[in-house]
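Beneath this line is the structure, given in structure tokens, with notes to follow.
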Amino acid sequence: MPDAKASVLRLEPLRAWRFVAGKVSALGAVTSPPYDVLEPAIVRRLTASDLHNMVRLILPRDPDLGPSRYDEPAERLTGWQRDGIVVQDERPALYVYEQTLGDAVLCGLIGSLGLDPERRVVLPHENVMPHWVDDRLELMEATDADLEPILLAYGDGHAASDAVDAARSGEPWLEAETENGAEHRIWRIDDPETLAVISAEIGRHEALIADGHHRYAAYLERQRREPQRASTSVGLAMLVDYNRHPLTLDPIHRVVPGLTLEMVQSRTPAGWNVLPGRSDQPRDRIAVTDGSTWLTVRPSNGQTVPAVSSLHEHLLPAWGAVEDDISFHHTWSDALALANPAQTAIELTAPHLDQVLSSAIQGVVLPQKATSFGPKPRVGLLFRML
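Residue numbers (the numbering used here): 1 to 386.
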């Protein structure tokens with residue numbers, strides 16, 4: 001029989017784990033961006049910043065070792081617990097997390113998200129790649145932890161968002177500054193009445209998975225494998241009211257080995273125009289380059305679907321691209337640096353937020369790595385042990 005709670009959005013208090021400031025060089029120095037935006041240069045810099053940086057847990061080295069590559073992060077985390085480098089909060093709470101970088105602000109609640117296998121209230125908006133789900137699941141199982149919160153977005157949080165703003169008026173429980181200049185603050189909410197107000201408000205909403213589809217899919221698979229463990233019915237998440245604290249929405253670009261500009265010109269199907277040069281208009285255009293020459297591919301007639309959907313559903317198959325060989329890049333400069341006559345870089349535009357929301361509500365998912373919502377929560381300020 002389905003769990004009745006599964007049809008209600010739930011974000012429950014937890015006793016989070018955190019680093020002890022006196023045991024590391026600085027709280028910001030042990031944090032990391034999420035695993036899927038870590039380019040090699042960033043990994044090297046973070047690894048050198050502190051022996052306890054979270055990148056040593058979330059991005060295991062030596063992929064040739066297979067499943068045993070996750071043993072090292074598990075042993076490292078156990079050692080940090082044993083030596084008191086990380087400790088668990090004494091009482092359960094929901095945690096208000098605020099990140100500021102210039103004018104960009106990320107603000108919301110971190111807690112244990114009730115999983116929703118039926119997709120009634122926790123709504124994915126893009127597809128996943130099985131090997132990345134397996135990767136995150138194996139790390140979760142080895143460490144018995146949720147090291148990175150997924151990011152959820154919902155609208156008009158009213159009483160819950162008021163509680164978030166009220167908490168921010170007090171002294172932070174934790175503060176950190178990271179190497180990119182961002183400031184991070186965390187407050188605890190553990191008052192039973194306030195938690196009840198938040199729970200009642202959140203329970204009236206649906207939430208979009210903005211970032212962390214592979215981790216959420218791994219949460220679901222972990223629950224399927226271990227249904228007898230109560231701790232597998234939830235996963236670490238951050239919930240943001242996008243009306244109160246708007247998120248940015250950016251594209252994720254592609255590099256396609258074996259795809260040449262000649263193939264784009266000769267194989268693009270009817271209904272699309274291939275124009276020389278790079279155009280910024282219209283919004284649903286797709287720009288392709290080999291590093292020196294550009295082509296712009298755009299629909300002959302207006303279309304309402306996101307450009308990334310058209311790319312994967314129509315253009316890449318027509319061009320003969322091998323999807324498994326494609327690499328994904330959050331910054332255009334990283335993708336462009338890899339472009340050459342034997343592999344093209346594809347510059348995409350971001351979908352509209354209403355396109356993403358309407359697709360998710362209808363149960364229609366965009367292709368994998370379709371969007372990049374931000375700002376993203378920093379990894380390592382709070383995490384969860386099962």
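No residue lacks a Cβ here, since even glycine has one placed at the ideal position from N, Cα and C.
(message) Tell me the rounded alpha-carbon separation between I198 and L239.
(response) 12 Å
(message) Excluding the 5 residues flanking R82 on each side, which residues of the same chain have their C-beta closer than 7 Å to its C-beta?
(response) Contacts found: none.
(request) Could you pull out every residue in the same chain whose Cβ sits closer than 7 Å to the Cβ of V30, ignoring the five residues on either side in sequence? (result) F19, V24, D50, H52, N53, M54 and G380
(request) Please work out which residues of its chain come closer than 7 Å, Cβ to Cβ, to L46, disregarding the five sequence neighbours upstream and downstream, and give them in chain order. (result) S32, N53 and V55
(message) Alpha carbons only, please: which of G291, T371, V308 and H213 is nearest the one belonging to A345?
(response) G291
(message) For W80, report the span of its alpha helix (DSSP H) as first-last.
(response) D71 to R82
(request) Reducing DSSP to helix, strand and coil, say where I361 ends up. (result) It is helical.
(request) Could you name the residues that DSSP lists as bridge partners for Y154? (result) D241
(request) Throw me the rounded Cβ distance for the R76 and L94 pair, which I believe falls under 8 Å. (result) Going by Cβ atoms, the distance from R76 to L94 rounds to 28 Å, so no, they are not a contact pair.
(request) Just the C-alpha distance for R225 and R254, rounded to the nearest angstrom, thanks. (result) 34 Å
(request) In the DSSP assignment, find the unbroken alpha helix (DSSP H) run with S161 in it and report its ends. (result) A159 to A167
(request) Could you tell me which of A74, A337, V322 and R229 sits nearest to A145, measuring between CA atoms? (result) A74
(message) Three Cβ pairs or more, each shorter than 8 Å: is that satisfied between the stretch 205 to 213 and the stretch 137 to 152?
(response) yes
(request) Would you grab the beta carbon distance between P227 and G271 for me? Rounded to a whole angstrom, and I think it's under 8 Å. (result) Their Cβ separation, rounded to whole angstroms, is 47 Å, which puts P227 and G271 out of contact at 8 Å.
(request) Would you check if the stretch 356 to 364 and the stretch 260 to 270 touch, i.e. whether three or more CB-CB distances between them fall below 8 Å? (result) no
(message) One question on the structure: do L14 and S112 come within less than 8 Å of each other, judged by their Cβ atoms?
(response) yes
(request) Sort Q343, A182, D71 and A163 by Cα distance to G320 and report the nearest one. (result) Selection Q343, A182, D71 and A163 evaluated against G320 yields Q343 as nearest (Cα-Cα).
(message) Please state whether the Cβ-Cβ distance between P257 and D334 is less than 8 Å.
(response) Contact flag unset, no.
(request) Mark T248 as exposed unless 16 or more other C-beta atoms lie within 10 angstroms of its C-beta, in which case mark it buried. (result) exposed
(message) Rounded to whole angstroms, what is the Cα-Cα separation between I38 and Q281?
(response) Sequence inspection shows Leu at residue 38; the Ile mentioned does not correspond to that position. The straight-line gap from Cα to Cα measures roughly 30 Å.
(message) Between the stretch 103 to 122 and the stretch 230 to 239, can you find at least three pairs of beta-carbon atoms closer than 8 Å?
(response) Contact holds: three or more Cβ-Cβ distances are below 8 Å.
(request) Might you give, ordered along the chain, the residues of its own chain that have their beta carbon closer than 7 Å to the beta carbon of V274, omitting 5 neighbours on each side? (result) V264, Q265, T268, L295 and V297
(message) List, from N- to C-terminal side, the alpha helix (DSSP H) runs of 4 residues or more that fit wholly inside the stretch 7 to 52.
(response) 40 to 49
(request) Taking only the alpha-carbon atoms, compute the straight-line gap between E138 and H131 and give it to the nearest angstrom. (result) 10 Å
(request) Compute the distance between the beta-carbons of G157 and V8, then report whether it is under 8 Å. (result) no
(request) Compute the Euclidean distance between the alpha carbons of E347 and R10, then round it to the nearest angstrom. (result) 37 Å
(message) Does P2 come out as helix, strand or coil in the three-state DSSP assignment?
(response) Confidence in P2 is poor, its pLDDT being 41 and thus under 50, which makes the residue's placement too unreliable to answer from.
(request) Go to Q265, then tell me how far its alpha helix (DSSP H) extends in each direction, as first and last residue. (result) L261 to R267
(message) Quick check on T143: buried or exposed, where buried means 16 or more other Cβ atoms within 10 Å of its Cβ?
(response) buried
(request) Reducing DSSP to helix, strand and coil, say where D211 ends up. (result) strand
(request) May I ask you to list the residues that DSSP assigns as paired with V379? (result) S32
(message) Under DSSP, the alpha helix (DSSP H) around D290 begins and ends at which residues?
(response) Segment: none, D290 is in no alpha helix (DSSP H) and carries neither H nor E.
(message) Measuring alpha carbon to alpha carbon, tell me which residue in L261, S309 and Q99 is nearest D284.
(response) S309
(message) Taking DSSP's pairing of strands, which residues face P299 in a bridge?
(response) W272
(request) Look up S68 in the DSSP assignment and say whether it is helix, strand or coil. (result) helix
(message) Starting from W319, trace the alpha helix (DSSP H) in both directions and tell me its first and last residue.
(response) In this chain, the alpha helix (DSSP H) harbouring W319 covers L316 to W319.
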